[in-house]
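>
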Amino acid sequence: MPNSDAVAGVLLAAGAGSRFGMPKVLAEEGDWLARAVAALAGGGCDEVIVVLGAAVVEVPAPARAVVATRWADGMSASVRDGLAAIGPAGWAVLHTVDTPDVGAEVVARVLGAARGSDSGLARAVYGGRPGHPVVMARRHLAELTATLHGDQGARAFLGGRDDVIAVECADLATGLDIDER
């Protein structure tokens, strides 16, 4: 039975990081991973799930790891496996390991906006540019999962909706996705 108040953070960290030159979960000797787990845990997530794939590493507490066996199929496989692991949580917070300056304040702000909205959907924006984290109520997860394919996560699902709350967070972080070292 779903727990409408519980929040699960899903950290997407399965990719090979081909443009980066290594899996980003290993970046800065695991510091990006530790920062992202801390952001989710400190930002209001009751549970943090780290989706691994190209590199399987120990994850810092309080997170637990899930290995996406089909990670090479693209981000959709990671999102699907991460969401399948959230159990009865009423809320999912999707975040990426390659946005290391996004902290707990950003997660808390976006989560608060989603919880306070009728739509139950919110995403961080930085100077108007969409980014992570993305927060959604459980009632949207089946529809999101149906739109997942290839190397796209929630983009198609979110792009087809006009009820996603854009939460400006440029005062807290750049939200830049780092693709090159």
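Residues in the sequence shown are numbered consecutively from 1, following the UniProt record's numbering.
Cβ atoms here follow ideal geometry from the backbone N, Cα and C, with glycine treated the same way.
#1: Going by the beta-carbon positions, is the gap between V110 and L12 smaller than 8 Å?
#2: Along the chain, which unbroken stretches of the alpha helix (DSSP H) at least 4 residues long are found entirely within the stretch 95-141?
#3: Quick check: what's the CA-CA separation for D163 versus S119?
#4: Report all residues from its chain with a CB closer than 7 Å to the CB of V7; omit the five preceding and five following residues, and keep chain order.
#5: According to DSSP, is S18 helix, strand or coil?
#6: If A63 and V37 are in contact, beta carbons under 8 Å, what's the gap, nearest whole angstrom?
#7: Who are G87's beta bridge partners in DSSP?
#8: Restricting to Cα atoms, I'd like to know which of E28, A16, L148 and P100 is closest to L40.
#9: Measure the CB-CB distance between A114 and A77 and report whether it falls below 8 Å.
#10: Who pairs with L12 in a beta bridge, going by DSSP?
#11: Determine whether the beta carbon atoms of A166 and V125 lie at a separation below 8 Å.
#12: Nearest-angstrom Cα distance between D31 and K24?
#13: Under a Cβ-count criterion, where at least 16 other Cβ atoms within 10 Å of its own Cβ denotes burial, should H149 be classed as buried or exposed?
Taking the coordinates as given:
#1: Position 110 of the sequence shown, counted from the first residue, corresponds to residue 110. Position 12 of the sequence shown, counted from the first residue, corresponds to residue 12. Going by C-beta atoms, V110 is not nearer than 8 Å to L12.
#2: 104-115
#3: By one-based count along the sequence shown, residue 163 stands at place 163. By one-based count along the sequence shown, residue 119 stands at place 119. Straight-line measurement puts the Cα of S119 at about 6 Å from the Cα of D163.
#4: For the purposes of this step, residue 7 is identified with residue 7 of the sequence shown, where counting begins at 1. Cβ within range, chain order: G44, C45, D46, A89, W91, V93 and L111.
#5: Within the sequence shown, residue 18 is the residue found at index 18, counting from 1. Coil, per DSSP.
#6: In the sequence shown, counting from the first residue as 1, residue 63 sits at position 63. In the sequence shown, counting from the first residue as 1, residue 37 sits at position 37. Between V37 and A63 the Cβ distance is about 5 Å, and since that is below 8 Å, they are a contact.
#7: By 1-based counting over the sequence shown, the position of residue 87 is 87. Note: G87 sits in no beta bridge, so no partner.
#8: Indexing the sequence shown from 1 puts residue 40 at position 40. Measuring from the Cα of L40, the nearest candidate turns out to be P100.
#9: Position 114 of the sequence shown, counted from the start, is the residue given in the question as residue 114. Position 77 of the sequence shown, counted from the start, is the residue given in the question as residue 77. Not in contact: A114 and A77 (Cβ atoms no closer than 8 Å).
#10: Position 12 of the sequence shown, counting from 1, holds the residue named residue 12. In DSSP, L12 forms a bridge with V51 and T96.
#11: Counting from 1 along the sequence shown, the entry for residue 166 is found at position 166. Counting from 1 along the sequence shown, the entry for residue 125 is found at position 125. Using a Cβ distance threshold of 8 Å, A166 and V125 count as a contacting pair.
#12: For the purposes of this step, residue 31 is taken as residue 31 along the sequence shown, with counting starting at 1. For the purposes of this step, residue 24 is taken as residue 24 along the sequence shown, with counting starting at 1. Each residue's Cα considered, the two are about 10 Å apart.
#13: Position 149 of the sequence shown, counted from the first residue, corresponds to residue 149. That one is exposed.
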